[in-house]
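Here the sequence shown is numbered in this note's numbering, starting from 181 and rising by one per residue.
We treat Cβ as the ideally placed atom computed from N, Cα and C, and that holds for glycine.
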Amino acid sequence: RIFEVALRGCSEANALARKLPERELNAMLLEPRNLGVALDLVGVYLKNYEIDKADLVITRMVPLCRQRGGTWLVKGLDKLSAVRMKQFRAYDSLVALKEIEQVVPFAPSEGWEFHDILYRNLAWCYSALDEPERCLEYTRKSVEVKRESGIPATWFDIWDLGKGHARLGQKTNQREEMRVAYDLCGKAAEIHRTAEPSDRIMLAKILSNVGEIAMGVGDTHHLAGEHGAAQSWYARAEPSLREAYELQARALGPLKPLTGWAAGTVAHCMVRLERWEEARGYLAQAFKVECTKDSTTPGSVIELLDRVLGAHQQLGDLSGMAAFVEDIEQCVAGLRARRWEVRERDVFALLLYKVATAFLVADDGTGSTIPRALRALRDARTDLNIYISASRGVGSHQCDVCGKLYPEKAELEAHIARRHSGPAAQGESADGMDVAPKRFGPQADPHELLQQVQSSIRLLELGERQAGAIGGDALPGAGGELWGATAEAAAGGLVGDALSGDVFGARGPGAAPSAEAEEETVALARSYALVGSWSDWRRFEDFARDAAGDSVHRAEVAVPPGRAVEFQVVCDRDWHKRLFPAGDGGGGVLGPSDGGHGRNWRLQVPAEGGGAKLVVELDPVGQRYLRCTLEHQGPAGRSEGESAESRWRTPSQAPVSSRTVSVQ
């Protein structure tokens, strides 16, 4: 396989490689010269952002490096770590680096340069794994190993210390730590400009950190309700971020991963400054890069797609999402080719659900995007069914060491080779790892997501059938209205979820709303009450916690027929502590805060019948969610047990806000 990659386009060489028995091929690759060339090839691919090729080569070579041992093993593990860093697989990178730390054949005093780089890389991994204390520990080790060899600290050390303090301040909510980090990174940038004026890429990276830390300091002020100070720090972040972006774009070009990352970071600042048109431009570039680069992941695409949707919603131009359809489809195909659908079925299903939402909101009223959305939703349903079955042990393979489940035997074997081979094969505790594997990025409850996917599929299939019955294409007036209503209803308020992570500036005065759940002990100690338009916002309807003792709270209230009802949730009967949706009419749960004026959950109660009972379930901990349904009353007020989800299926009765709201 390595020859197929390295000699692509050279048919004679590939034919010769395929004729060699595996034993002879391994023996050839074990020759020091060939092994060295292969490892150099990994570095070349990394420099050219061809991560998939680098991955193929290093995966083939590490077992051979392990076979030779000694310095070859260190070299192989070093390249493996670099590839995993580029793939944002920080834990796998850390596993390789910790093994290097164990097997390196010389002490720090005998090779300070090697240990300096090793400690820097370890600090990076711990930072990516949200372990700021360990990150700072290894950053200081990097400084100390040079000091013991008579080497003074450099701008690189100042920069690393600044990043470590920033992560610590962010995790512990210590603003002063972040201000120390801001000063350190700013100092590192000043020194670098003079010391290495030709290295514009490194300067761009430092300046990007300066701007990111300034935004982080601004966010702490925003969350404290100090909006003037927050805006001041956001404005302070802008020059550094813009310069970083311009340096990357000039040096590398507009479609390289570092330039895309820089564009996305500038977009964060534009959002905080409420400059939505500029934010959209930078996000469009960042999304284009994310969809085309080798090292993208389903989680990173979800996060960026949510941000793009949020910007378009703020500009009132959701139909503008049509410009992203081609990139989205290319990205999904690329992720499938790299087997992300198998490696993370639940996250991939969430991506498909978000993709379907983007297709639906981009529809021009003719229903042209609905077949694409249906395909994405059906694929998501299949992935979720497989994932849920595997999590129950049905058709899955379990690791004997750590208990992880994999739907395919090949994935289990790859996991064992990655996690439980080498010196640590006797068990996880033997490998020197001091942190557990972590999952970052977007996640969803698979059962809850499956329900939402199935509901959307039913609605779209119904629209398909009805459009066919009235001749949708032959009757553009009726058919177009039907398709438009179907797309709008199926998309619902899902784009509201996109706002929870990025729309700071759009929020009103008062304490800043947060999409993060409170600590479980805090959230469960609160009381919750429903308040809404049915009582002109005058009466609290208390939630009761589930009798089984879990975290779900439930409230019920009678609502009048034929009216749109709106509501929020009040914590501890304090109007300054409200929970409300991220979007207009629905979306992710934000708060507690007093910043949600006018942002309510909204449902339409049908006019027929004797009114309805609104049933609201709230889980305020973990991946919190709010779900509401309508149980329709008969003529005598008797509940007929019909939910809003099953009741509102025809497009004419299903405007955007008229649905079962189920968000996390």
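Just reading off the beta strand (DSSP E) that residue i is part of, what are its end residues?
i      : result
Gly771 : 769-773
Arg782 : 781-784
Leu877 : The chain is shown from 181 up to 844; residue 877 falls before or after that span and cannot be answered.
Glu458 : It is not in any beta strand (DSSP E) - Glu458 instead sits in the alpha helix (DSSP H) that spans 456-472.
Alpha helix (DSSP H) containing residue i: first to last residue?
i      : result
Cys912 : The displayed coordinates of the chain run from 181 to 844. Any statement about residue 912 would go beyond what the structure contains.
Ala556 : 550-571
Thr537 : 525-541
Gly478 : At residue 478 the sequence reads Pro, which differs from the Gly that was named. Run containing Pro478: 478-494, per the alpha helix (DSSP H) assignment.
Ala218 : 212-227
Ser273 : 270-283
Leu498 : Note, Leu498: premise wrong, no alpha helix (DSSP H); not H, not E.
Asp625 : Per DSSP, Asp625 belongs to no alpha helix (DSSP H) and is neither H nor E.
Arg518 : Arg518 -> no alpha helix (DSSP H), and no H or E assigned at all.
So is residue i buried or exposed if we call it buried at 16+ other beta carbons inside 10 Å?
i      : result
Asn228 : exposed
Ser569 : exposed
Asp235 : buried
Gly330 : exposed
Arg719 : exposed
Leu495 : exposed
Arg513 : Rather than Arg, the amino acid found at residue 513 in this sequence is Ala. The residue in question, Ala513, is exposed, as its Cβ has fewer than 16 Cβ neighbours within 10 Å.
Trp755 : exposed
Pro689 : With a pLDDT of 31 at Pro689, under the threshold of 50, the modelled position of this residue cannot be trusted, and the question is left open.
Thr809 : buried
Glu521 : buried
Ala787 : exposed
Pro551 : exposed
Pro603 : With a pLDDT of only 47 at Pro603, under 50, the local geometry of the prediction cannot be trusted, and the value read off the model is given with reservation. Exposed is the call here.
Arg753 : exposed
Val323 : buried
Phe286 : exposed
Glu328 : exposed
Pro761 : buried
If the criterion is Cβ atoms closer than 9 angstroms, does the pair residue i and residue j meet it?
i      : j      : result
Leu453 : Arg487 : no
Met912 : Leu484 : The displayed coordinates of the chain run from 181 to 844. Any statement about residue 912 would go beyond what the structure contains.
Leu759 : Leu770 : yes
Ser731 : Gly802 : yes
Gly342 : Asn389 : yes
Glu313 : Leu364 : no
Asp563 : Ala517 : no
Trp292 : Lys321 : no
Ala361 : Ala346 : yes
Leu640 : Ala553 : yes
Ala536 : Ser636 : yes
Leu710 : Ala735 : yes
Leu274 : Leu316 : no
Val222 : Val237 : yes
Ala409 : Ile386 : no
Cys471 : Asp507 : yes
Leu794 : Val749 : no
Arg523 : Ile566 : no
Cys751 : Arg807 : no
Arg416 : Gly444 : no
Gly712 : Val745 : yes
Arg430 : Arg380 : yes
Leu515 : Thr477 : yes
Phe723 : Leu798 : yes
Leu438 : Gln428 : yes
Name, in chain order, the residues that DSSP records as bridge partners for residue i.
i      : result
Phe747 : Gly712, Trp781
His345 : DSSP, once it has assigned bridges, lists no residue as partnering His345.
Leu797 : It should be pointed out that residue 797 corresponds to Glu in this sequence rather than to Leu. Its beta-bridge partners are Arg734, Arg807.
Ala792 : Val739, His812
Please confirm whether residue i has its beta-carbon closer than 9 angstroms to some beta-carbon of chain C.
i      : result
Thr352 : No chain C appears in the structure shown, which is made up of a single protein chain.
#### Entry: Residue ranges of each alpha helix (DSSP H) within the stretch 428-452, 4 or longer
437-452
### Task
Tell me the start and end of each unbroken alpha helix (DSSP H) in the stretch 703-737 that is at least 4 residues and wholly inside, in chain order.
none
### Task
Entirely within the stretch 347-406 and at least 4 residues each: give me those alpha helix (DSSP H) ranges in chain order.
355-375, 380-403
#### Entry: Contiguous alpha helix (DSSP H) assignments of at least 4 residues, all confined to the stretch 285-315
Whole alpha helix (DSSP H) segments, 4+ residues: 292-308.
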